[in-house]
Amino acid sequence: MLLLVLSSIGEKAVRNSTKEFAQLTHLPIIPFTHLLDLMKGVKMKISYFPGCTLKTMAKNFEDSALASASSLGIEMVELQRWNCCGTVYSLTSDDLIHQLAPIRDLIRVEEQKDNRVVTLCSMCYNTLKRANKLVQEDKEKLDKLNDLMYREDVKYDGKVKVLHLLEILKNEIGFEQIARKVKIPLKGLKVAPYYGCLLLRPPEVGIDDPENPTILENLLESTGAEVIDYPYKTECCGSYNTVANVDLVVERAYNILRSAINQGAEAIVLSCPLCGFNLDNRQKEIKEKFSDFKNIPIFYFTQLLALSLGLDEKVCRFELNFVDPRPLLESKHLIGGV
Amino acid sequence: MRAEISIKNTKSKFLDKVEELSEQNIYACYQCGKCSAGCPSISEMDISPSEIIRLVQLGGEEEVLNSKTIWVCASCFTCVTRCPKGVDVAKIMEALRQITLRKNVDYVNPLSIPRETLSQVPQIALVSALRKFSG
Amino acid sequence: MNRIGVFVCHCGLNIAQTVDVEKLANIISDYPGVVYATNYIYMCSDPGQDMIKEIVKEKKLNGVVVACCSPTMHETTFRNTVASVGLNPYRCEIANIREQCSWVHKDKKIATEKAVEIVKATIEKLKLDKSLIPLSVPITKRALVIGGGIAGIQASLDIADSGYEVVLVERNQSIGGHMLQLSETFPTLDCPQCIATPKMVQVGQHPKIKLLAYSEVEEVSGYVGNFKVKIRRKASFVDWNKCTGCGLCVEKCPVRVPSEFNELLVKRKAIYTLFPQAVPNKPVIDSNNCLYLTKGKCRACEKNCLAKAIDFNQKDTFVEEDVGAIVVATGYDLMDKAEIGEYGAGKYKDVINGLQMERLLCPSGPTEGIPHRPSDGKIPKEIVFIQCVGSRDPEHYYPYCSKVCCMYVVKQAMLYKNVVPDGQAYVFYMDIRCDGKGYEEFLQKGMEENKILYLRGRVSKLFKDGDKIKVWGADTLTGRKIEISADMVVLAMAVVPSKGVKELARKLRITADDYGFLTEAHPKLRPVESLTAGYFLAGAAQGPKDIPDVVAQASGAASKVDSLFSQDVLYHEPIIASVDEEVCVGCGNCVDVCAYDAIELDLRTKKAKVNSAVCEGCGACCAACPSGAMQHNNFSKRQIFEMVDAFVR
Ligand SMILES: Cc1cc2nc3c(=O)[nH]c(=O)nc-3n(C[C@H](O)[C@H](O)[C@H](O)COP(=O)(O)OP(=O)(O)OC[C@H]3O[C@@H](n4cnc5c(N)ncnc54)[C@H](O)[C@@H]3O)c2cc1C
Ligand code: SF4
Ligand code: SF4
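Taken in order, these protein sequences are the chains called A, B and C.
Each residue of the first sequence is one higher than the one before, counting from 1 in the numbering used here.
Each residue of the second sequence is one higher than the one before, counting from 339 in the numbering used here.
Each residue of the third sequence is one higher than the one before, counting from 474 in the numbering used here.
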């Protein structure tokens, strides 16, 4: 693979023309320092914000993500201190106080001498990214927030970039590179990607085209899986209504799953522990309500990635999935002593 | 029933408050209904999203604040993505929820959530639900 | 010796309410150089003008200031007034005390003081005004029409019928434009082929019309009355003089590519004519798809052509034409449906655009007027029309209304019901705008007789569900979310300017709006002229419109051309730039800033030279000139300084 090396000390003109060239040729730009690391066999390091659920219910997401990233040369370094991302992003004009949590997390990134932070959970991603955007565009609000956090050693300057792991896989590793590293192609596994809301919407913070996204499809294709398209992949699962309005979530989850199943999907792949809960765990209630419904396994994209990269099945923690995906994987000879 | 419209409700404090909290121009909505057409929650709603905005335009404070709709809306941003006038409907829904919550009226009382649910659902669901449903 | 008269107008109460006109005239009458000052209720009225004439004669005035409204309103009036009694019109100046004073102030005292200053400054300018004589330039009484849609056809015929020669340039191999693609035309449902082809034939046969099909404008220089146009005649690889139009070549060509005329619904050959009644009815070879021109083998057409008309060596050629006026009639296109992500981004075959539906409903079209859907050829039993797709959507696409969709959707739904009586048509709309003559009646008929079901709401999403297209819309009248399983969906895509129009506008030095629609000189009072003199606008190139409006506008543009040509010479404003050759250092700054290419640098003498017939008097060069050599007639630097002095004194 051809890489473009972007030196941080080079002539501005050279840097600009490199960028232009990269845009024309769609070649990834690798910062010079990262290249040095790569040459030394050192991994690309990036600060990692896990968020609450990744440490508890979605341990299968975290473990498989860290292991996959590592095998692709990315070291996700967990922030030494972090707090709740502040979920959900505040939508009213006057409650700046709710932006404290996400911005404080971004201060932690700067404390770690990094200017990028990667997330896994779609909700954390959305909240951090929107809060960041808000203060980047409104200096007055940024100043006010810094004032409120006067006891922090570092003042936030709006310079941190919030990323989702999928973006790093696409833009910095590259799906072709991933395809080359695949040891166990997921041949014959029919998977339907599910994006939900917060990876894509609102469009100014989304990681892909809000109506016809392809990033999960492209990743899954590079692992050798067969990707199923269906119209509900960006429809909302009901989100936090799962706490007080289970019926609503059950209804929605059923529609989403049925749509994918009708198109031939054998499993769903997603990137959010809340969507995960609604589509996976709520299958219990779905079955109670809709007798025709048959369970379908729900994966985090990193679980399938880890599997295809030939990592130890243990990092996938399949035992934490509500609908056990192992029978399906076994039937495709993807696990179980192939 | 005849609904009376007068300057009292069309130029009300309520309308100003919604515009202030949401930072949206309520009059930008030309009632095309695209938000309602795509809203995944509409089957659970008693008033459709575009009608909510219409009612705000008409100053129908009571009706809007007593609707189920504002609580069913899950901030999925489907409407926000597609509205041809760039109206952030999700922010308007949030403003309406906040107007109620700030009167110290919780939609979901944290203490009323069953222990079983608490242990079952992911944290992220609890945190966001409480952020949306309680003051 | 200055003998200046000042005439203060009340403009009813427009000025007099805020400016003390009496006092103004009194103060000014003592100003150096002023020999007479008065005020009157309406200076522009006949008695007002007569008064000015009288005083000019009586007091032997050599300069006049009228303190009144903006010069764009009555400068010409008063200049003509003084000219009629022998004073040089450029010795008459307007002091604008309405728009720039009375209308924008409330306090009478302050406004009056300001009015005094404005008049004083104008007097100072007038003192240095030269007597100027308008330039006269001859006119080439030939017109160029760009675009051969119904707009260009109508304009060409009108101009040619008035006795002037017309050069009509069309980039396709035939004239006709979009009208020839239509099924039937609202509101009378006559067949466009029947009503337009006679006009096309007339164009082809008219002794005064030179039709250059398969051609494009390459370059334009010159100015109103005297344009030089370079036209590229694209290589058709067929010698049209030899070709008999037998069509054997088309029959034998093995290549099949989607037909643009049929909106990609069916295939055409690599050598092809547009449609049977084409004018001219000669084929061209599409060099991107011809086997011989791309891969070097085949020549089937050449082998079969009895007239030996195929010429693979043909190259683009250029012709030059001298014309005095240019009509731009480049028409429209539809926005690409691939841009609408929520409606499938163009990937569903059975989601088509309005022009595709026209082809499906056209009796001479690929399905002979009975719509068969593109995916499997079935006749759709439930069909959904969506209006305002991309239009009236300032957030994502275009803020404007495309104007023709409300009507053609009724028409298409009606025609559909006529051929599929057991089918159902649904229309999602936001507002219905059927405001032409007979249009509302047409709509009512569609609703009542054809039972078209109108649903008031936008559609949020379309997706494929088996062999159906699921439509998620709303009916805001009942507040319901609507789901329809349609067999076919027609998107009324936004009307946008035809491809390449922005580049063309740049070549012609005319203006276009943000979207590329050509801008008229005044939206109400000069709707068929461009701001650049000598250019006229016709048809959908200026904004979305239907055939009746297009034809009316084209005839309007033609009559403007006629009135231009009815003069023998053109008078050009002498208020333009001029160079003081002794001061000019030949830096060339002025050449670079002139938007009209009116300045040349004489390579030998190293001095700038203004082509006075081309200069529009914008003043950009005067501001850019570092040496002060470039000065504007009657707006010299000295005059400006004197005016500023008068204000600050
Ligand atoms: C689906 C649909 C249905 C319609 N139905 C009706 C109807 O029933 N009744 C009705 O009144 N109206 C109808 N209309 C509107 C009608 O099509 C237009 O009013 C009319 O065709 C516009 O004519 P025009 O000459 O301005 O433009 P066009 O028809 O677009 O003609 C422009 C011509 O200029 C040529 N051209 C473009 N650029 C250049 C260039 N740079 N150099 C040289 N040539 C160039 C093009 O090739 C074309 O031949 C309909 C429109 C649509 C979209
Ligand atoms: S989509 Fe936008 S403009 Fe249309 S009804 Fe909803 S809020 Fe109003
Ligand atoms: S040479 Fe080209 S145009 Fe002629 S028949 Fe062959 S493919 Fe067709």
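Positions of the beta carbon are idealized from the N, C-alpha and C atoms, including for glycine.
Practice task
Under 7 Å Cβ to Cβ from K470/B, same chain only, skipping five residues before and after it: list those, please.
Solution key: R435
Practice task
Compute the Euclidean distance between the alpha carbons of M961/C and P448/B, then round it to the nearest angstrom.
Solution key: 49 Å
Handout entry: Reference Q678/C; option with closest CA among V723/C, Y687/C and I626/C
Key = I626/C
Handout entry: Beta carbon proximity, V394/B to chain A, threshold 7 Å
Key = no
Practice task
Report the residue from I256/A, M76/A and G310/A whose alpha carbon sits nearest the alpha carbon of T119/A.
Solution key: M76/A
Practice task
Within 10 angstroms of the Cβ of G336/A, are there 16 or more other Cβ atoms? Answer buried if so, exposed if not.
Solution key: exposed
Handout entry: Identified DSSP bridge partners for D790/C
Key = Before going on, a small fix: residue 790/C reads as Thr here, not Asp. DSSP, once it has assigned bridges, lists R706/C as partnering T790/C.
Problem - C373/B, DSSP secondary structure in three states - result: helix
Exercise for the section: Tell whether a beta-carbon distance below 7 Å holds between M966/C and L807/C. Expected result: yes
Handout entry: Contact list for W576/C against chain B, beta-carbon separation under 9 Å
Key = Chain B residues near W576/C: none, gap ~29 Å exceeds 9 Å.
Exercise for the section: Classify L2/A as helix, strand or coil using the three-state DSSP reduction. Expected result: Summary for L2/A: the model assigns pLDDT 40, below 50, so the residue's position carries little reliability; its value from the coordinates is reported in the next sentence. Note: L2/A maps to coil in three-state DSSP.
Problem - Buried or exposed by the 16-neighbour rule on C-beta atoms within 10 Å, applied to L456/B - result: exposed
Practice task
With 7 Å as the threshold, decide whether the Cβ of C370/B is near any Cβ in chain F.
Solution key: The structure shown contains no chain F; its protein chains are A, B and C.
Practice task
Spell out whether any CB of chain B is found under 7 Å from the CB atom of E815/C.
Solution key: yes
Exercise for the section: Output the residue ranges of the beta strand (DSSP E) runs that lie fully inside the stretch 371-431 of chain B and measure 3 residues or longer, sorted by chain position. Expected result: none
Problem - C565/C, DSSP secondary structure in three states - result: strand
Exercise for the section: Measure the C-alpha to C-alpha separation of I9/A and E111/A and round it to an integer number of angstroms. Expected result: Note that I9/A scores a pLDDT of 42, beneath 50, so its modelled location is shaky and nothing firm can be said.
Problem - Neighbourhood of Y765/C by C-beta, 6 Å cutoff - its chain only, sequence neighbours within 5 removed - result: C771 and R772
Practice task
Say whether chain B places a C-beta atom closer than 7 Å to the C-beta of N241/A.
Solution key: yes
Problem - DSSP-derived helix/strand/coil call for G536/C - result: strand
Problem - Which residues DSSP lists as bridging R116/A, in chain order - result: K161/A
Handout entry: Under 7 Å between C-beta atoms of A613/C and N487/C
Key = Per the sequence presented here, residue 613/C reads as Thr, with Ala not at that position. Cβ distance not < 7 Å, so T613/C and N487/C don't count as in contact.
Practice task
Under 8 Å by Cβ, that's how I've got L334/A and L189/A pegged, so tell me the actual separation to the nearest angstrom.
Solution key: 7 Å
Handout entry: Proximity test, Cβ basis, 7 Å: P231/A and chain C
Key = yes
Problem - Min CB distance I1113/C to chain A below 7 Å - result: no
Exercise for the section: Examine ligand 1 and report whether any of its heavy atoms sits within less than 6 Å of the Cβ of G989/C. Expected result: no
Practice task
Measuring alpha carbon to alpha carbon, tell me which of G909/C, V1083/C and T840/C ends up nearest C1057/C.
Solution key: V1083/C
Problem - Identity of the residues DSSP links to W945/C by a beta bridge - result: K934/C and E956/C
Exercise for the section: Please specify which runs of the alpha helix (DSSP H), each continuous and at least 4 residues long, are wholly inside the stretch 251-310 of chain A, giving them in chain order. Expected result: 273-276, 283-289 and 301-308
Practice task
Determine whether the Cβ of N212/A lies closer than 7 Å to any Cβ atom of chain C.
Solution key: yes
Problem - For P611/C, the first and last residue of its enclosing beta strand (DSSP E) - result: L608 to P611
Exercise for the section: Could you check which residue in K496/C, E914/C, E1055/C and I852/C has the C-alpha nearest to that of K1079/C? Expected result: E1055/C
Practice task
State whether the stretch 825-844 of chain C contacts the stretch 882-896 of chain C, with contact taken as three or more CB pairs (one from each stretch) at a distance under 8 Å.
Solution key: yes
Practice task
Give a yes or no on whether the minimum CB-CB distance between E855/C and chain B is below 7 Å.
Solution key: no
Problem - Own chain, CB closer than 7 Å to I852/C, minus 5 neighbours either side, in chain order - result: I843, P844, H845 and V893
Handout entry: chain C within 7 Å of I430/B, Cβ atoms only
Key = no
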